[in-house]
Amino acid sequence: MNSFDQSYHDLAKKILKDGIDKTDRTNTGTKSIFGHQMRFDLQDGFPLLTTKKVSFKLIATELIWFLRGDTNIRYLLTYNNNIWNEWAFKKYVESEDYHGVDMTDFGHRSLTDQDFKKEYDQEMAKFKENILNDDAFAKKYGTLGNVYGRQWRHWAGPDGQVIDQIKNLIDGLKNNPDSRRHIVSAWNPAEIEGMALPPCHTLFQFYVADNKLSLQLYQRSGDVFLGIPFNIASYSLLLALVARECGYEVGEFVHTIGDAHIYSNHFDAVNTQLSRDSFAPPQLKIKSDKSIFDLEYEDLEIIDYQSHPAIKAPIAV
52 MNSFDQSYHD LAKKILKDGI DKTDRTNTGT KSIFGHQMRF DLQDGFPLLT TKKVSFKLIA
112 TELIWFLRGD TNIRYLLTYN NNIWNEWAFK KYVESEDYHG VDMTDFGHRS LTDQDFKKEY
172 DQEMAKFKEN ILNDDAFAKK YGTLGNVYGR QWRHWAGPDG QVIDQIKNLI DGLKNNPDSR
232 RHIVSAWNPA EIEGMALPPC HTLFQFYVAD NKLSLQLYQR SGDVFLGIPF NIASYSLLLA
292 LVARECGYEV GEFVHTIGDA HIYSNHFDAV NTQLSRDSFA PPQLKIKSDK SIFDLEYEDL
352 EIIDYQSHPA IKAPIAV
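52 is the number of the first residue of the sequence shown in our numbering; add one for each residue after it.
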């Protein structure tokens with residue numbers, strides 16, 4: 052078992068063995084532990100899990116979306132990235148503009164009612180088409196509020212000041228590497244109510260030593276089966292991009308999770324993954340000299356990624 056997959060498997064096993072049964076806002080139920088840390092040395096490769104296939108395209112396009120300060124799902128949909136669709140769709144079907152089939156509790160109903168699932172898929176397909184092709188509709192219903200990209204690049208400061216946390220971070224890493232203030236926060240209490248989903252990965256900090264750049268993420272809440280594999284790879288990619296931008300080698304990604312949980316309807320999927328052995332980790336290649344602010348998905352490549360098949364599980368909305 053490679054060290055990356057082993058760290059993730061150890062977390063999943065710990066939750067299944069020692070986790071506390073808890074309720075949650077989605078009414079699904081979880082097993083949960085509080086306070087867990089994993090460390091990933093990027094000198095050993097790129098931590099894209101191999102015991103199930105994880106889509107690098109979805110991870111990379113979402114991160115680029117964050118880095119651009121974008122909060123509208125249209126950009127994601129141009130890459131067939133559907134990971135934020137449900138939150139935008141929920142806003143639409145609860146509005147006065149929606150006149151289709153009742154979509155109340157669509158996340159749960161689509162899992163248990165096949166007739167409803169067909170109607171849900173049809174409505175979602177129409178919704179996505181409208182986001183991609185209707186500017187006014189996309190502006191009204193594609194925007195997720197003041198989520199990650201807004202906080203990273205356009206934090207609302209005092210007196211109307213706009214703070215670009217990513218630009219400030221890079222300037223600091225280049226000019227004052229020993230500072231203990233290389234921090235970006237997505238948790239803005241004044242704007243939580245205006246977000247489709249309050250940020251789960253709330254704060255990250257960079258650290259420079261021996262010309263290597265490391266990053267620690269504090270994640271308040273982690274869906275271990277669906278979300279955490281993406282978060283591991285996303286922030287490792289962010290680390291690699293910032294290191295390249297600032298002239299450092301990559302160091303460690305340190306992942307600290309507050310409430311680490313497995314949803315009750317993911318237990319079987321987790322056990323399937325835990326039954327698998329790993330492959331060697333892949334490598335990340337950045338194929339462009341563009342600034343971090345100008346990179347496209349096509350400028351990135353994962354090399355020698357071998358994995359077991361993907362495992363599907365429902366998302367809790």
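Cβ atoms here follow ideal geometry from the backbone N, Cα and C, with glycine treated the same way.
In this structure, the beta-carbon distance from residue 64 to residue 266 does not fall below 8 Å.
Residue environment: residue 179 is assigned as buried (16 or more neighbouring CB atoms within 10 Å of its CB, all protein chains considered). Inter-segment contact for the stretch 129 to 140 and the stretch 112 to 121 is present: three or more beta-carbon pairs are separated by less than 8 Å.
For residue 253, same chain residues with a beta-carbon under 8 Å away, outside a window of 5 residues either side, are 236, 237, 238, 269, 270, 271 in chain order.
Rounded to whole angstroms, the separation of the alpha carbons of residue 151 and residue 314 is 30 Å. Rounded to whole angstroms, the separation of the alpha carbons of residue 84 and residue 308 is 9 Å. In this structure, the straight-line span from the alpha carbon of residue 301 to that of residue 82 is close to 34 Å. Taken in chain order, the complete beta strand (DSSP E) segments of 3 or more residues contained in the stretch 222 to 302 are 234 to 236, 252 to 260, 263 to 274. By a beta-carbon distance limit of 8 Å, residue 101 does not contact residue 61. Their separation comes to about 15 Å. Secondary structure note for residue 115: its alpha helix (DSSP H) is the uninterrupted segment 107 to 118. For the 8 Å CB-CB criterion, residue 256 and residue 234 form a contact. For residue 275, the closest C-alpha among the options 107, 318, 345 is that of 318. For the 8 Å CB-CB criterion, residue 288 and residue 335 form a contact.
Closest option to residue 209, judged by alpha-carbon separation, among 188, 241, 181: 241. In this structure, DSSP gives residue 314 an extended state, which the three-state scheme calls strand.
For residue 341, the three-state secondary structure derived from DSSP is coil.
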